[in-house]
Structures are given as C-alpha cells and as structure tokens.
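If you read the sequence shown in our numbering, its first letter stands for residue 84, the second for the next number, and so on. Heads up, the beta-carbon is just placed ideally off N, CA and C, and yes, glycines get one too. The structure appears below as structure tokens.
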Amino acid sequence: MTELELKLSLPDQIANQAKAAGLLTSESIERLVREAIRKAAAQRLIEYGKHLREPGGPEITEAELESELKAVRAELREAGARRS
84 MTELELKLSL PDQIANQAKA AGLLTSESIE RLVREAIRKA AAQRLIEYGK
134 HLREPGGPEI TEAELESELK AVRAELREAG ARRS
C-alpha cells in the first residue's frame, strides 16, 4: 500500500460539512477516489463509443475494441481489489 499525504484547501463551510460527514478519513478519501476512477473509466468508454459513431469517425477493429474494453475492465478490477 502506498502512503500519501494530502493537503486540501477548501472553503470553511465545505470543510466543516465534509468533516461532519466523516469524509476526510483515509477510508472515505479512498472510497471517493475509487468512485472517481470508475466514473472516469466509464466516461472514457462512453466518449470513445460516441466518437466511433460520428460520421467519418475512425474505423476500429474488433481487436482494438477488445483491447480498450480489457483496459477499462483492468482499471475497474484494480479499483475493486484495493477496496477489499
């Protein structure tokens, strides 16, 4: 496991709300980062799909599509494994 030290600058109200909600603990930050990783991977896949449907968009082979899907799945598995 990698240990990181974070310094955040938040407006007072947001900082107080986050603290009261227990969102500034290592566990909560880890959960938020995992969720962001999953969302980013899903969004990247959606954008890639939209790009493929555009007129004159790039041709993609089945192998290239499979490679992209494997990369997204690997990111999701890695994020899930860290959660355990």
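Cβ-Cβ distance between residue i and residue j below 7 Å
i: A162; j: R117; result: yes
i: L148; j: A124; result: no
i: A155; j: L128; result: Reading off the sequence, residue 155 comes out as Val, not Ala. Closer than 7 Å, so yes.
Per-residue DSSP class, three states only, for residue i
i: G132; result: helix
i: I112; result: helix
i: L159; result: helix
i: S92; result: coil
i: E86; result: coil
i: I143; result: coil
i: E137; result: coil
Residue interval of the alpha helix (DSSP H) (run including residue i)
i: I97; result: D95 to A103
CB-CB length for residue i against residue j, believed under 8 Å
i: Y131; j: E151; result: 6 Å
Original post:
Quick one: any contact between the stretch 86-95 and the stretch 126-143, if contact means 3 or more CB pairs under 8 Å?
Top reply: no
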